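Chains as they are written, first to last, in the numbering used here: chain A, 73 to 459; chain B, 73 to 459. Right, one structure below, let's go through it.
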């Protein structure tokens, strides 16, 4: 296990009706907030009205940034910063999924940055100070409700980049599983794939001595496999929505990565797909993951796949190593298909044209990946296998 | 999954040589500290000298409370409070295992309490304000380095009671696995039993819908089983010491209990053994645990034991339910024996004399336990079976 410094300061209010803490919690930080949300589903479900009612009854003033994109754009960030400055906002409150939360985080950081907001996405070291951020989560997927990161897209530059700062961790997040019951089936599926991919990125590491982290990763993967299916089939199943929601936060709050030297690889590949084709992030991840697994399976990695197969998929440990590994990969592919996620890039409108360009961009800072590092050619091979 | 409010504010500096952060971290809170430690093992290992060197070179003044007992006593707490008041201390720094840490926490709380320190052990609600606490951990066992609780013994009253307050959570804890390499074999064994018992107390719950917590509990149990043995046989094995150390903190920082309604039972029983016979806490737990498991196994609990047997001990899932359950309990008993922990109360000097008295005291506030509640007679039966 490698050395690490653990700090997870975000408070979580988990469960039905926890929104009742909102007024008191906001008032610890501010008397005026910027509400950040997406396409309006929170208006259809009544959550918007509930939030407004609580803010009003607590004499908390607010302004609004609506229409944040599924892959949130730097243009939205800039609008949000302007609103904060015009209205003297003291806290940015995201109501939605990872898109709204990521947008809120970068608004909060850009508020204190004297220059183009895109600068602090390209270079997180330029972030010095951040407005308090809080979230009300409506989609189990990105883990952004409990971490320090954000991903923002610049469609002009075809760039989708991650940024982060310790102070971008939400001060508090309200996680009420009932808010995710109205999430459409395809988004529930994509969200589950996103959670699983976060876990894979930490699990398939070249650090073999972080046993406790690996077993916890398997615990979360088993949770996704079990409850992803149930939530897909029974959207109103509280137990499924609750377990998925908590798994999404734990997958990315640091717990699985502490003690390892992460170098993610499927996410950087997918970010290029989203940057050029604006596809759903979780769908891109689900398409790439089994092909990436197949590509990196070799004598150095097979033991890890055996652990994965036995501990997550319950495959008989007495089988041949490569049989277990290949079966585990096949089960992963089948699982995503069972959630009706497309399994080929061609199904989401991606053809050969930009594969080389995207492979180059995914590796522009050097090789990616941990248990097996990938260069441009490796990435291109994986993209081609995913067509 | 039940509603919960998550807050784990303690920072952890984990790994070799992390003690180098000590000076800077202490200075965030205080310029004068009370050092709290036990029987002097930290002097033999050189850790004491290192701490003093760092405090001196950072111009941090200090006074000392040494000789804290393995079951820390209220008399030591009172001495510590006096030292803090005489010396105008701003932070209480425990260097040791759970005993020193628990003592430090209650000193920090009693500092601000106007009355007999035993009052705040008997009634945690009397705690209003707490001096900052920090820890340098030398034994993987109690989890006190990352939680809000403390257990203190009053030998005059034959009482060993738990108390707690959110502000008793350490501001930071330094977890360097190399400090645990000199822990004697019997203490390594008892510490492992203590960690496992903390996990069992949350795992064997009547809340069946907290799937993610249950799988994480199994992850930590597997870690204990694997690395308890290795640390016992190879005290210098860094990987084993690191995994055990981190498991001890995660077992009790809240992660496993959030979303459940815990009601511990083996710990309350053991506290009576320690209060009357001053035995090693982990030894008492290891003796009681398999007998408690055997006693509560019935048609309502068997499925939980099946999960435990399959997921922790790798027992074939195709066997008969009760066979799996009984084998799992037997493996638990054998595991503690393999660590050379006594398996009967008679081996640690406890006979029938006080069993009835201890059973009554363990249940003086009512029934204990979650997956199956135990009354005085149940506890007496378990104690008798453990003789």
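Just so it is clear, CB atoms sit at the ideal spot from N, CA and C, and this is done for glycine as well. Keep in mind that this is a model prediction, so the values were computed, not measured.
Under 9 Å between beta-carbons, which chain B residues line up against residue i? List them in chain order, please.
i, result
"residue 278 of chain A", "The premise fails here: residue 278 of chain A is roughly 15 Å from chain B at the closest Cβ pair, so nothing lies under 9 Å."
Which chain A residues are close to residue i, counting only those with a beta carbon under 8 Å from its beta carbon?
i, result
"residue 83 of chain B", "77, 78 and 79"
"residue 381 of chain B", "Chain A residues near residue 381 of chain B: none, gap ~14 Å exceeds 8 Å."
"residue 272 of chain B", "Residues of chain A passing the Cβ test: none, with the nearest at roughly 16 Å."
"residue 215 of chain B", "Under the 8 Å cutoff, chain A gives no residues; its nearest Cβ is about 14 Å from residue 215 of chain B."
Going by DSSP in three states, residue i sits in which element: helix, strand or coil?
i, result
"residue 168 of chain B", "strand"
"residue 436 of chain A", "coil"
"residue 352 of chain B", "coil"
"residue 224 of chain B", "strand"
"residue 378 of chain B", "helix"
"residue 104 of chain B", "strand"
"residue 446 of chain A", "strand"
"residue 134 of chain B", "strand"
"residue 236 of chain A", "strand"
"residue 306 of chain B", "coil"
"residue 416 of chain B", "coil"
"residue 424 of chain A", "helix"
"residue 316 of chain A", "helix"
"residue 399 of chain B", "helix"
"residue 452 of chain B", "helix"
"residue 429 of chain B", "helix"
"residue 231 of chain A", "strand"
"residue 94 of chain B", "helix"
"residue 163 of chain B", "strand"
"residue 458 of chain B", "coil"
Just confirm the distance between the C-beta atoms of residue i and residue j, as a whole number of angstroms; I'd bet it's less than 8 Å.
i, j, result
"residue 109 of chain A", "residue 153 of chain A", "Going by Cβ atoms, the distance from residue 109 of chain A to residue 153 of chain A rounds to 16 Å, so no, they are not a contact pair."
"residue 279 of chain B", "residue 333 of chain B", "6 Å"
"residue 311 of chain B", "residue 281 of chain A", "4 Å"
"residue 454 of chain B", "residue 360 of chain B", "7 Å"
"residue 323 of chain A", "residue 215 of chain A", "5 Å"
"residue 192 of chain B", "residue 198 of chain B", "5 Å"
List the residues of chain A whose Cβ lies closer than 9 Å to the Cβ of residue i, in chain order.
i, result
"residue 281 of chain B", "310, 311, 314 and 315"
"residue 112 of chain B", "Within 9 Å Cβ-Cβ: nothing; residue 112 of chain B doesn't reach chain A, min ~28 Å."
What in chain A is Cβ-close to residue i, meaning under 7 Å?
i, result
"residue 90 of chain B", "75"
"residue 461 of chain B", "Missing from the structure shown is residue 461 of chain B; chain B here goes from 73 to 459 and no further."
"residue 304 of chain B", "None at all; the shortest Cβ gap to chain A is about 16 Å."
Could you tell me which chain B residues have their CB closer than 7 Å to the CB of residue i, listed as they occur along the chain?
i, result
"residue 209 of chain A", "Within chain B, no residue comes near residue 209 of chain A; the closest Cβ sits about 13 Å away, beyond 7 Å."
"residue 298 of chain A", "283"
"residue 263 of chain A", "The contacting residues do not exist; residue 263 of chain A stays about 15 Å from chain B at best."
"residue 234 of chain A", "Those within 7 Å of residue 234 of chain A in chain B number zero; the least Cβ separation is about 24 Å."
Using a cut-off of 8 Å between C-beta atoms, extract the partners of residue i located in chain B.
i, result
"residue 329 of chain A", "The premise fails here: residue 329 of chain A is roughly 13 Å from chain B at the closest Cβ pair, so nothing lies under 8 Å."
"residue 39 of chain A", "A query on residue 39 of chain A cannot be resolved here, the shown segment of chain A reaching from 73 to 459 and no further."
"residue 377 of chain A", "Those do not exist, as residue 377 of chain A stays about 18 Å from chain B at its closest Cβ, beyond 8 Å."
If you draw a straight line from the C-alpha of residue i to the C-alpha of residue j, how long is it?
i, j, result
"residue 208 of chain A", "residue 300 of chain A", "21 Å"
"residue 274 of chain B", "residue 188 of chain A", "50 Å"
"residue 100 of chain A", "residue 384 of chain A", "42 Å"
"residue 224 of chain B", "residue 235 of chain B", "8 Å"
"residue 372 of chain B", "residue 286 of chain A", "31 Å"
"residue 250 of chain A", "residue 259 of chain A", "15 Å"
"residue 418 of chain A", "residue 271 of chain B", "48 Å"
"residue 341 of chain A", "residue 239 of chain A", "27 Å"
"residue 90 of chain A", "residue 253 of chain A", "16 Å"
"residue 163 of chain A", "residue 247 of chain A", "18 Å"
"residue 95 of chain A", "residue 379 of chain B", "42 Å"
"residue 184 of chain A", "residue 171 of chain B", "46 Å"
"residue 73 of chain B", "residue 381 of chain A", "27 Å"
"residue 367 of chain B", "residue 444 of chain B", "10 Å"
"residue 149 of chain B", "residue 75 of chain A", "33 Å"
"residue 79 of chain A", "residue 456 of chain B", "45 Å"
"residue 304 of chain A", "residue 267 of chain A", "15 Å"
"residue 442 of chain A", "residue 175 of chain B", "43 Å"
"residue 119 of chain B", "residue 226 of chain A", "52 Å"
"residue 82 of chain A", "residue 319 of chain A", "16 Å"
"residue 114 of chain B", "residue 122 of chain B", "10 Å"
"residue 339 of chain A", "residue 448 of chain A", "15 Å"
"residue 400 of chain B", "residue 336 of chain B", "20 Å"
What are the partner residues of residue i, as DSSP defines its beta bridges?
i, result
"residue 245 of chain A", "A/84 and A/207"
"residue 472 of chain A", "Nothing can be reported for residue 472 of chain A, as the shown portion of chain A is limited to 73 through 459."
"residue 360 of chain A", "DSSP, once it has assigned bridges, lists no residue as partnering residue 360 of chain A."
"residue 287 of chain B", "DSSP, once it has assigned bridges, lists no residue as partnering residue 287 of chain B."
"residue 145 of chain A", "A/225"
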